[in-house]
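Start counting the sequence shown at -7; every next residue gets the next number (our numbering). This report refers to the structure that appears directly beneath it.
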Amino acid sequence: MSKLYRPEPTGDRLVPVVATGIDVVAIDRIASLRDQYGEPFDERVFTDAERDYCTRRARPDEHFAARFAAKEAFRKTLPEPSPSVPLHAVGVVRHAHGPTLEVSEDGWSALATVAPTTSPDAVDTAVSLTHDRQTGVAAAHVTLLALETDRPRA
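Next up, the structure:
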């Protein structure tokens, strides 16, 4: 369930909308799905950039699992019910300042349910990824920050 902060409307100004989601995934589960379904699974779930990054790592399943957790955490930032976001519509992108989420048009359509008057330019995401071989889990925490016009909702 999404934890969503939205102040009460008081006028016609921009207000922050903050949503957060967290997810934990068993690394073995992702490894099993990748073994069972192969490349079609990877193509359906992960972006080209994610597949390229993860397959170049010494333990790719750990990195795939962390990215899968980020996709699920992103989905949890959306209120229920919300349009389904295809997993490949959300991807983790690495930058010098840290990882962020890249969201496709399908993802932005779903985000409109969180902040309907917000353009994609007024939305930012933060993602934190972790994975641990000993516990066999990967986790992600996603925070969504948007600006919305503070007009009373119908």
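The C-beta atom is built at its ideal place from N, Cα and C for all residues, glycine as well.
Query: Which runs of the beta strand (DSSP E) fall wholly inside the segment -3 to 85 and span at least 3 residues, in chain order?; Result: 6 to 18
Query: List the endpoints of the continuous beta strand (DSSP E) containing His123.; Result: Val115 to Asp124
Query: Distance cutoff 7 Å, beta carbons only. Does Leu25 sit that close to anything in chain D?; Result: Absent from the structure: chain D. Only one protein chain is present.
Query: Please report how far the alpha carbon of Asp40 lies from the alpha carbon of Glu94, in whole angstroms.; Result: 12 Å
Query: Which same chain residues, not among the five before or five after Glu54, have their C-beta less than 7 Å away from its C-beta?; Result: Ile19, His123, Arg125 and Ala130
Query: On the DSSP bridge assignment, give the partners of His133 in chain order.; Result: Ile14 and Ser120
Query: Shortest alpha-carbon distance to Val10 belongs to which of Asp44, Arg51 and Lys68?; Result: Lys68
Query: So Gly128 is in the beta strand (DSSP E); what residue range does that whole segment cover?; Result: Element bounds for Gly128: n/a, residue is neither H nor E.
Query: When DSSP builds the beta bridges, which residues end up paired with Gly90?; Result: His87
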